[in-house]
Amino acid sequence: MTILVTGVTGNIGGEVIQHLLNRDVVIRGLVRDPKKAAKLQAQGIELAQGDFSQPQTLDPALQGCETAFLVTPNEPRQVELECNFIDAAKRAGVRHVVKVSVLHAGELPSKFQQWHRQIEEHLEESGIAWTHLRPNMLMQNMRWFAQTIAQQGAFYNSVGDTKISHVDARDVAAVAAVCLSQSGHENQAYDLTGPEAVSFDQVADYFAKVLNQEVKYVNLTPADLKAARLANGEPEWYLDAEGQLFDCWKAGAGSMVTTLITDILHKPATSFELFAEYYAQVHAQDFSTPTKG
Ligand SMILES: NC(=O)c1ccc[n+]([C@@H]2O[C@H](COP(=O)([O-])OP(=O)(O)OC[C@H]3O[C@@H](n4cnc5c(N)ncnc54)[C@H](OP(=O)(O)O)[C@@H]3O)[C@@H](O)[C@H]2O)c1
Numbered sequence: 121m122t123i124l125v126t127g128v129t130g131n132i133g134g135e136v137i138q139h140l141l142n143r144d145v146v147i148r149g150l151v152r153d154p155k156k157a158a159k160l161q162a163q164g165i166e167l168a169q170g171d172f173s174q175p176q177t178l179d180p181a182l183q184g185c186e187t188a189f190l191v192t193p194n195e196p197r198q199v200e201l202e203c204n205f206i207d208a209a210k211r212a213g214v215r216h217v218v219k220v221s222v223l224h225a226g227e228l229p230s231k232f233q234q235w236h237r238q239i240e241e242h243l244e245e246s247g248i249a250w251t252h253l254r255p256n257m258l259m260q261n262m263r264w265f266a267q268t269i270a271q272q273g274a275f276y277n278s279v280g281d282t283k284i285s286h287v288d289a290r291d292v293a294a295v296a297a298v299c300l301s302q303s304g305h306e307n308q309a310y311d312l313t314g315p316e317a318v319s320f321d322q323v324a325d326y327f328a329k330v331l332n333q334e335v336k337y338v339n340l341t342p343a344d345l346k347a348a349r350l351a352n353g354e355p356e357w358y359l360d361a362e363g364q365l366f367d368c369w370k371a372g373a374g375s376m377v378t379t380l381i382t383d384i385l386h387k388p389a390t391s392f393e394l395f396a397e398y399y400a401q402v403h404a405q406d407f408s409t410p411t412k413g
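In C-alpha cells, the structure reads:
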C-alpha cells in the first residue's frame, strides 16, 4: 500500500512519517522544496514535489496512492488549498483521506473551526472515505513561547486560569498512522485531547521544573495581547480568529477530555508534564538565552 503524507516538514506530518516507518507500507511525502526533506529521503521515503496551490502538481504525487494524509497550515486560502487536494485525490482514485481538522469544527465562530468544517464537508461529499482528526491545542505550540521564556522567564497569553486539554502532536500523528494503514477508521470524526485539562500556570510549573529556572505565565487582556503580537508582525486576521477561539476556551470549550488516543493506540495519551520533559530536552537550544559576544 502506498500512502501520501503531506506537511512532512511540519509538526504533525513529520511525526506521521516516523510512525509509518515500521509499518509494511510505501511512504511518499509531498514537499514543496525537496531540499527541506533531504533527511527523509535518507530514511528511504519517496518524495513527490507538489504544492496545494498548483493542483496540476498534485495529480502525479497522488498517482497509485491508496490512502493520503492531509494537513495544511492556517492561512487565508486554507479551504481552497485543501479542497484542491481532495479533488486531486478523487481524480487519482484515492480510497481514504485522513484529514487534520480541529476540535469543535463547525461548532465555534472562530475561522479555524469554520474553515475546517467546510473542508470536512467537501471531503465527505467527495465520495472518498474520510477520517477527521480533530485535535485540541497542540502542546507543540510551546515553541511560540520559548523565546520569552528564555529571555524573560515568562510567557504571555489571555486565557486566564482556564483549563485546556492540550494534546501532543506525536499522539495525533500516531493515531493518523493507524487510520492510514489499518481499516476500521473510515467515515469517523475523532476529537483528540490530552489526558487532562491544565491551566497555563500548571504548564509554567512543568517548564520551570524541567528547565530548572523561573517560568511564569502572565495573563494579558485580549487587547494588550493582540497589540503586542501585531507589533511583532503577526497578521491581524489570525489574531482575531485566535481571539475568538480564546473567548470560547475561557467559556470552557477547550477543557473536554476524550479517551480516543488511549483507545486507538492502547497506551495513555501524553500528559503536559511528560511532554515538557521531552520538549525542553529536544529543543533545549530554543530555551537558552543567546550568548553575548
Ligand atoms: N497548532 C494547534 O494548536 C492546532 C490545533 C488543532 C488543529 N491544528 C491544525 O493543524 C494544522 C497545522 O498543522 P501543523 O502544525 O503540523 O502545520 P505546520 O507545522 O505549520 O506544517 C505545515 C506543513 O504544510 C506544508 N505546506 C504549507 N503550504 C503548502 C502548500 N501550498 N503546498 C504544499 N505543502 C504546504 C508546509 O511545508 P513547507 O515546508 O513547504 O512550508 C509544512 O510541511 C492546521 O490546519 C491547524 O488548524 C492546529
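Heads up: the sequence shown is residues 121 to 413, going by the working numbering.
The beta-carbon is built from N, C-alpha and C at its ideal position, and this holds for glycine as well.
Distance from the CA atom of Q272 to the CA atom of R263, rounded to whole angstroms, is 15 Å. Annotated three-state conformation of F265 is coil, per DSSP. Not one heavy atom of ligand 1 is found less than 7 Å from the C-beta of S375. Annotation: I284 is outside any beta strand (DSSP E) and is labelled neither H nor E by DSSP. Assignment of I137 by DSSP, reduced to helix, strand and coil, places it in the helix class. Using a cutoff of 7 Å, the CB of I132 counts as near ligand 1, since one of the ligand's heavy atoms is closer than that. Between the region 242 to 260 and the region 341 to 360 there are fewer than three C-beta pairs closer than 8 Å, too few to call the two in contact. Shown here, V125 sits in a strand according to DSSP, grouped into three states.
Distances from the CA of T126 to each of F407, H236, T268, A188 were compared; the closest alpha carbon is that of A188. For D311, the three-state secondary structure derived from DSSP is strand. The three-state secondary structure of Q183, taken from DSSP, is coil.
With 16 or more neighbouring CB atoms inside 10 Å of its own CB, D311 falls in the buried class. Nearest to Q174 by alpha-carbon distance, out of A157, N204, L160, is N204. A direct Cα-Cα distance of roughly 6 Å separates I248 from R215.
By the beta-carbon neighbour count (other beta carbons within 10 angstroms, threshold 16), L350 is exposed. If you draw a 10 Å sphere on the C-beta of M259, you find 16 or more other C-beta atoms in it, and that means buried.
Q163 and G133 have their alpha carbons spaced roughly 15 Å apart. Beta-bridge annotation (DSSP): G149 is paired with V125, L167. For G314, the distance from the CB to the nearest heavy atom of ligand 1 is not below 7 Å.
Its chain contains C203, I206 as the residues whose beta carbon lies nearer than 7 Å to that of H242, once the 5 sequence neighbours on both sides are disregarded; these appear in chain order. Checking the 7 Å criterion, the Cβ of N194 is within range of a heavy atom belonging to ligand 1.
Taking a cut-off of 8 Å for Cβ pairs, the region 364 to 371 and the region 229 to 240 touch, as three or more such pairs fall below it.
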